[in-house]
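Participant:
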Amino acid sequence: MQKIGVFVCHCGTNIAATVDVKAVVDALAKEPSVVFAADYPYMCSESGQNLIKDAIREHELTGVVICSCSPRMHEVTFRRAAASAGLNPYLVEVANIREQCSWIHKDKAEATEKAIILGRAAIAKALLNAPLIAGESPVTKRALVIGGGIAGIQTALDIAEAGFPVDIVEQKPTIGGKMAQIDKTFPTLDCSACILTPKMVECAQNENIRIFSYSEVESVSGFVGSFTVKIRKKARYVDEVKCTGCGLCTEKCPVKNVPNEFNLGFDNRRAVYIPFAQAIPKIAVIDPDRCNMLKNGKCGLCSRVCEAGAINYKQTDEIVEEHYGAIVAATGYEISDVTRYGEYAYTESKDVITSLEFERLTNAAGPTGGVLLRPSDGKHPHTIVFIQCVGSRCVLEKGKPYCSKICCMYTAKHAMLTREKYPDTEVYVFYIDVRTPGKNFDEFYRRAAEEFGVHYIKGAVGKIVPRADGTLDVQAADLIMDEQLRISADLVVLAAAIEPSKTARKLATMLTASMDTNDFFTEAHPKLRPVESPTAGIFLSGVCQGPKDIPETVSQAGACAAKVIGLLSKNKLTGNPCVAHSDELMCNGCSSCANVCPYGAITYLDKEFRMPDRTTKVRRVASVNPAVCQGCGACTVACPSGAMDLSGFSNSQIMAEVDAICR
Amino acid sequence: MNKQDLKEEIVRMSGSAVEKCMRCGKCSASCPSYEDMEYHPHEFVYLVEKGDIEKLMASESIYKCLTCFACVERCPRGVEPAKVVEAVRLIVIREQGMNRLKPDDIPGLWDKDLPQQAIVTAMRKYTK
Amino acid sequence: MQERLKARARELLGDGVVTRVLGWKKGEFSYDITPAVFESAEELERDFVFDGFCGANLSKYLIQEASKPGKGKILVFLKPCDSYSYGELLKEHRIAKENVYAVGIPCEGMADADRIRARGIDGILGIEHEGEDFLVHTLYGDERVSVKEALAERCLSCKSKRHASCDELIGEEGEDVPDDVRFTEVARLEAMTPEERFEFWRGELSRCVRCNACRNVCPACSCENCVFDNPASGISQKAAADPFEENMYHIIRAFHVAGRCTDCGECSRVCPEHIPLHLLNRKFIKDIDELYGAYRAGESEDGKNPLVSYTEGDVEPSVVNERGRA
Amino acid sequence: MQVNEEFVPTIVAFCCNWCSYAGADLSGTNRLPYPANVKIIRVPCSCRVNPTFILRAFQRGADGVIICGCHPGDCHYTTGNYYTRRRMTLLFSMLDYLGIERARTRVEWVSAAEGQKFAETMRSFVKDVTALGPNRRLEDLRCRKD
Amino acid sequence: MTKIAYYPGCTLKNKARALDEEARAAARLLGYEFEEIDEWQCCGGAFTTSRDEIATKLAAARALTWARDHGGRVVTVCSACYNVLKQTNAAFRTDSEFAAKVSRYEKTDPPYRGEAEVVHWFELLRDEIGFDKLRAAVKKPLKGRKIAPYYGCLLLRPSETLAFDSPENPTVMEDFIRALGAEPVRYAMRNECCGGYLTLEDRDAAKKRSAAVLSSAVEMGADCMITACPLCLYNLTKNAAGPLEIRYFTDVLAEALGLKEGGENA
């Protein structure tokens, strides 16, 4: 037998001025199962709350209905009061008779009648309330950062600084990412390496940070607070502990013709190599595809010269299993494939390069020692054409529909630096729009045009014709002059679209984190929760969430760290008990619910059922992870059999409210 | 036809999504007939989108497009300017007496090596 | 064709590829053909039929038949339209694919016995395709009926002679049939005034006796337990005591199969009251095709159906009013 | 249909907790009136609204049902209202097909800041439904009020 | 011997008769019998892109329907025919309104819906015969010859519909040239338009286009240029004076296969 107590608040005159509170009490007192009904000037006050608590104890109430202000205002207050009197807090219902009744109606009879109906609906729902217990789950106080570029580095440093251990998993042999390859940074033109390498060193030295370089995430299971992750440490064939990074092996290795990835193939490395001088960790790695010893057992030179005895040809991949409370995706970006734009002759001429390649050609630590020389003949280029939006803002299948965001600024930087260093070089930039929202960005771009004499031309390049004399005939449109131009260039630089790392899609699947059609991770809310994935416990840092420059990446990395710290500083996570649950006997296992779940909270089990004829039958049934479910209810409507229901907002409860209102 | 009808007719005939143009000019940068045209491919798209089509109809430019599709191939927005030019030209030559090339003209243009292909193609382009 | 199917079934049984065969056998009358499971060559020889009355879609029976543990594989014959139902059930994990050997068979359209009898032909013993006609064997000799006049409603608007999912094909693979007439009736209803539509459906749905035949035969309505039998759903009910309940039942049923219905037409075929239930499903199919792009349920074993997916640029629900005005 | 001058329709409004219910609260806070015959049911997200709820409301005598949710793209649960949009578009189209008056059902996107819009929406919806008169086509006669 | 429906086109039956004869002879040698389509009509040389153009596409439609009923494929040698037939075929596949109108008008039974497949002789050489087999069949390798392939526009664009080769970096003609024992010359203007039909009305304009193509090839060291299009051949020969010899690709093919020894004229 249910015993409901009804409490009607006057809210001073806020409610009482338009709603006849006494009439409401009288009407609701007559409802079935209502054993107590009272009113009070301020139900949220301490004495108001005491009235509720006393009634719960005295009348052994099984449910409480409070007619007051919006539940968004005081539902928590009243639930706490009920809990302190020993009643499950989820047996409390609030009827909103202030914001949605007394404040909008003037006619007292009308408002009173509506308040009564709202009260009845709340009673009808309360009668079907079930006590809910919010689940608690422990928090593993360790974070995983996937990706060791500037985004991952900054996030890891900030988390470590707050005292939590962090692991960085980086697929390359060193952390540093794209920023390590860049020469200077806009709009201040400070040297990229000079600001990045101290942070890399800090990562190596911070006791709270472990770096798994040359490693990949193999699998992820669990949920917010307690993820289990398997990490594959790829074989380097070099003992990480013994190697001192002296580099002797890389000097002696006889295989000299391996294209150097770090310099984008402009020069060569050996089969055993350290990616670059400031690499972290500074440990050699053997390229198994090129090493003679690993391929056919003939060589072993590096092993002989290594005084530390670090070379180990028998090393194999190692799988490490770790536990984390939070996971950060910081997988960054890649340069999209420009060979898809054949008109730019990237494959036809060595002197058509991408902007990242240009960075290496102007970097003091690069293959040319920072002297800008043409890749084809090593001569100094006198005319350079920069082409914007190569692949960006292209709605064709081969392109990217979005703006890559960083190209306008780095091209201004390239153009300016070129003109500064080589005043005899003419620089043309073909643009569609120059986009410079950012502090000191437009000023920077204008300086390139005004002070450095860079020729900005509004228009596009249609075709590049490599000539026999080694020049590049650039055929373009100048839309402001309304003319077709031909520029004989020595070097053409393509501002290629950036795209999310190819590894991101696979990772997102493992993390059950959602992605957009361009393979950028989706944020939980585009404005209000920009560094969290909709999947609880997964956070986003850097370009994996959308194109950004370094300052933006670093700010987002910090924000991401703050969210992770907030999570890790909790000892326990209290879940929201108003989550979905599936009735196994009704479930078909059809996957409709999982298809609409934005959190990946639903998994399927093959479960054995006893049939009436004593046989058993194995059926696929849905199972909701209450720690992951956020309680939106999308699944409940997708479910055809009604097996899926939502605690706190169950089918029968909402039906009861409908019935009460339409009665 | 009024402006709006004319625009709709051209969009319908060409199937071109002129509103997708982002004014990059790659069509005009790619156009081999550029210097012989008064209005260039990007202007065709722009003026059709604005509904300002009479200018184009009156221009010799409609007869200069080679329909070589370089603009169609390279447009990053899938706008297909060549089809827009062809639609404007068809609107013009479909009008009574607007045939650009008449059978009687052909003997004057004749050259013994000229392949039939040149004549049939030109007839198709210039004549209704 | 019947002999070819039988021969292949015997072969597969004999080779041990399958242990059972899901096919058709004659019921009380020669035209009332029922699905049946055959376990031996003898049973096949005695009872298996395949003729112009084999309209029944066998795919739904696989939910039960393919989940019998330790019973091995079952052979099933699927006409093109049946194979879409099968594909949809595979997609929804309702059938254990590893327990099924699906053989696609060609179909030239199935006859509606009622239409034939309406022409005064009685004592029907069997039916065969012969060119443009059906040759109907009767107690009183053979009769010819042109295919167009004898085809079942759903075959008149056949969607495809191409199979979706199957392991093997007997005969030539067919092609999609262009949609010319499929939505004509839906469009006719759409063109009516709301009052006329209301009257039309009132007239149709009020005949519903809630026998649940539509639900039982529908390959998309394959729930372990129906929502209308689920006490927690708040809408469980048995018989229609008020016209509202017929509305509720049929709207919800159509909504639950929307995006999953392969338009196999079984619901209308089995309805004892001849309610054109397929017109509800087709309305959803037409709307989905028009609003979200052409979609054919069951065509692929993976992907998401239109009601569990979305695009950011989807039309607003107000489109219903706007279309109504146009 | 003849419109009864005194007819006051029963309207059920399903509002998502995060945007529209808050928007409704805001119209109260700003004292923006709308008719008292609108009764709001709070749901976590518009995607929680099952077509059966809507039909049930009509069965029990509601004259109009409106569903309010966050604007597409702003859903608290990221994607819920996208599903609402598809489901309700198709459901409403089906109701229309069965001859149920179109103006009895509506979906509106109301954010937590749009108190004004909420009140205006309710006023216009009530006006539309009032003009249609009582719901007779989806009502369960056994539930009919006098 | 594989039989395949063959659409020669107007120019091949007239000004470019050699192109037709040599193509058939080479095809026979490589195992294909070109079966000329009954009463074919001129394709019109250009595909009218407008969706409401029906009459200008009927000739191509008839040829395609014939091909559907005679083996399902049609081969062309001329770039323009290839372009028109293939684009018309695509219109049948993608535009059901167009398909329905044509079928009604032509009383095609069953209605034509783009079932036939249009192939260029180059595609057969590349995809079915294979350049290795071609290389083996060459009797007189064209050693030391530096041949510039000229694709022009009609073979390549619109690439989405034609899917002949990469529209910006095609390779089929280069591979073909290599198979004949010659050296292909890469030059950037190989996929740019020669000026086409403009030669009839505005010869100066056509001259500029052709000159740009030719000078680009000459600059890269070519001594010969091959094309598959009679109009290109005309423009490049007549509208631009240069040191280059311009030939049909079938002509060099016939030469390499030793089909020109019997005193047949080039």
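Residue numbers (the working numbering), protein chains in the order written: chain A, 55 to 717; chain D, 58 to 185; chain Z, 15 to 340; chain X, 315 to 460; chain F, 619 to 884. The C-beta atom is built at its ideal place from N, Cα and C for all residues, glycine as well.
1. If you check the beta carbons only, do residue 654 of chain A and residue 682 of chain A fall under 8 Å apart?
2. Taking Cβ-Cβ distances below 9 Å as the criterion, which residues of the region 504–515 of chain A are in contact with chain D?
3. Figure out for me which residue from Z:114, Z:171, Z:115, Z:137 has the closest Cα to the Cα of residue 124 of chain Z.
4. Going by beta carbon distance, what residues of the same chain come within less than 6 Å of residue 470 of chain A, once the five residues before and after it are set aside?
5. What does residue 393 of chain X reach in chain Z if we use C-beta pairs closer than 8 Å?
6. Would you call the region 338–355 of chain A in contact with the region 155–172 of chain A, where contact means no fewer than 3 C-beta pairs closer than 8 Å?
7. In angstroms with no decimal places, state the Cα-to-Cα distance between residue 102 of chain Z and residue 646 of chain A.
8. Within the 8 Å Cβ cut-off, does residue 317 of chain Z reach chain X?
9. Could you check whether the Cβ of residue 825 of chain F sits closer than 7 Å to any heavy atom belonging to the ligand FAD?
10. So, under 8 Å CB-CB, residue 363 of chain X and residue 328 of chain X are touching, yes? Tell me the CB distance rounded to an integer number of Å.
11. Thinking C-beta only, is residue 74 of chain D closer than 8 Å to residue 818 of chain F?
12. Could you give the first and the last residue of the continuous alpha helix (DSSP H) run that contains residue 836 of chain F?
13. On a Cα-Cα basis, can you pick out the residue from F:660, F:782, F:738, F:678 that is closest to residue 174 of chain D?
14. At a Cβ threshold of 8 Å, is residue 95 of chain D touching chain F?
15. Taking DSSP as the reference, what is the three-state secondary structure of residue 118 of chain Z?
16. Tell whether a beta-carbon distance below 8 Å holds between residue 142 of chain D and residue 119 of chain D.
17. For the region 138–154 of chain D, enumerate the residues whose C-beta is nearer than 8 Å to any C-beta of chain A, in chain order.
18. Mind listing the chain X neighbours of residue 38 of chain Z? Cutoff is C-beta to C-beta under 9 Å, in chain order.
19. Is residue 166 of chain D close to chain F? Criterion is C-beta to C-beta, closer than 8 Å.
20. Using beta-carbon positions only, say whether residue 526 of chain A and residue 532 of chain A come within less than 8 Å of one another.
21. Taking the continuous alpha helix (DSSP H) assigned at residue 853 of chain F, which residues delimit it?
22. Does the distance from the C-beta atom of residue 172 of chain D to that of residue 666 of chain F stay below 8 Å?
23. Run the CB neighbour count on residue 625 of chain A, radius 10 Å, all protein chains shown included, and call it buried at 16 or more, exposed below.
24. So what's residue 397 of chain X in DSSP terms, helix, strand or just coil?
25. Please report the distance separating the alpha-carbon of residue 871 of chain F from that of residue 865 of chain F.
26. Would you please verify whether the beta carbon of residue 131 of chain Z is less than 8 Å from any beta carbon of chain A?
27. For residue 868 of chain F, I'd like the list of residues in its chain whose CB is within less than 7 Å of its CB, leaving aside the five on either flank, ordered along the chain.
28. Strictly below 7 Å CB to CB, what residues from chain D border residue 663 of chain F?
29. Using a threshold of 8 Å, state whether the C-beta atoms of residue 52 of chain A and residue 260 of chain A are closer than that.
30. Measure the C-alpha to C-alpha separation of residue 339 of chain Z and residue 324 of chain X and round it to an integer number of angstroms.
31. Less than 8 Å between the C-beta atoms of residue 265 of chain Z and residue 408 of chain X, yes or no?
32. If you run the structure through DSSP and keep just helix, strand and coil, what is residue 580 of chain A?
33. Which complete beta strand (DSSP E) runs does the region 650–695 of chain A hold, if anything under 3 residues is left out?
34. Can you list, in chain order, the residues of its chain whose CB lies under 6 Å from that of residue 637 of chain A, leaving out five sequence neighbours each side?
35. When the distance is taken between beta carbons, is residue 792 of chain F closer than 8 Å to residue 767 of chain F?
36. Could you give the uninterrupted runs of the alpha helix (DSSP H) lying entirely in the region 460–528 of chain A, keeping only those of 4 residues or more?
Facilitator: Taking the geometry as given:
1. yes
2. 512, 513, 514, 515
3. Z:171
4. 502, 506
5. 324
6. no
7. 12 Å
8. no
9. Looking for the ligand FAD in the displayed structure turns up nothing, as the structure carries no ligands at all.
10. 5 Å
11. no
12. 821–837
13. F:660
14. no
15. strand
16. yes
17. none
18. Per Cβ cutoff of 9 Å: no residues; residue 38 of chain Z is ~34 Å from chain X at best.
19. yes
20. no
21. 848–856
22. no
23. exposed
24. helix
25. 10 Å
26. no
27. 637, 640, 641, 644, 695
28. 174, 177, 178, 181
29. Summary: the structure shown does not reach residue 52 of chain A, with chain A confined to residues 55 through 717, and so no result is reported for it.
30. With a pLDDT of only 49 at residue 339 of chain Z, under the threshold of 50, the placement of this residue in the model should not be trusted, and no figure is reported.
31. yes
32. coil
33. 656–664, 670–678
34. 697
35. yes
36. 461–475, 495–504
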